[in-house]
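S.K.: The opening residue of the sequence shown carries number 190 in my numbering; numbering runs sequentially from there.
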Amino acid sequence: MTDFTVTITDQSQLDGIAHARGLYNAALPVDDKGAPIGVLATDRDYIAFVVTQAAASYARDQMASKVAEAVAAAIRGEPEKARRRAV
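#1: With a Cβ-Cβ cutoff of 8 Å, do residue 234 and residue 207 count as a contact?
#2: CB residue 214 to CB residue 228, shorter than 8 Å?
#3: Is DSSP giving residue 268 helix, strand or coil here?
#4: What are the boundary residues of the alpha helix (DSSP H) that residue 211 is part of?
#5: Can you look up residue 291 in the DSSP assignment and give me helix, strand or coil?
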């Protein structure tokens with residue numbers, strides 16, 4: 190695990206983060222009592238969520254690229270390159 194420190198001093202950016210968190214929370218499903226499930230209570234929680242989602246998306250994109258390169262190498266008849274790219 191790695192801890193990051195982010196400092197944001199621009200009020201318009203802080204307002205944007207708070208607004209985005211509010212929109213996210215408003216879109217959450219609710220439990221049988223009508224309470225939202227998975228509320229992000231603080232702007233810090235929201236930023237951590239966004240960074241985590243971005244990292245996961247990047248990882249998926251990188252894996253998809255490797256798979257596409259391996260398939261392309263296999264189609265070109267380059268099995269050794271296909272094996273290396275798939276790893």
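Using N, Cα and C, we set each Cβ at its ideal position, and we do this for glycine too.
M.R.: In terms of the structure at hand:
#1: One thing to note: residue 234 has its Cβ no nearer than 8 Å to the Cβ of residue 207.
#2: yes
#3: If DSSP states are grouped into helix, strand and coil, residue 268 belongs with the helices.
#4: Where residue 211 is concerned, the enclosing alpha helix (DSSP H) starts and stops at 200-215.
#5: Residue 291 is absent from the model: the chain starts at 190 and stops at 276.
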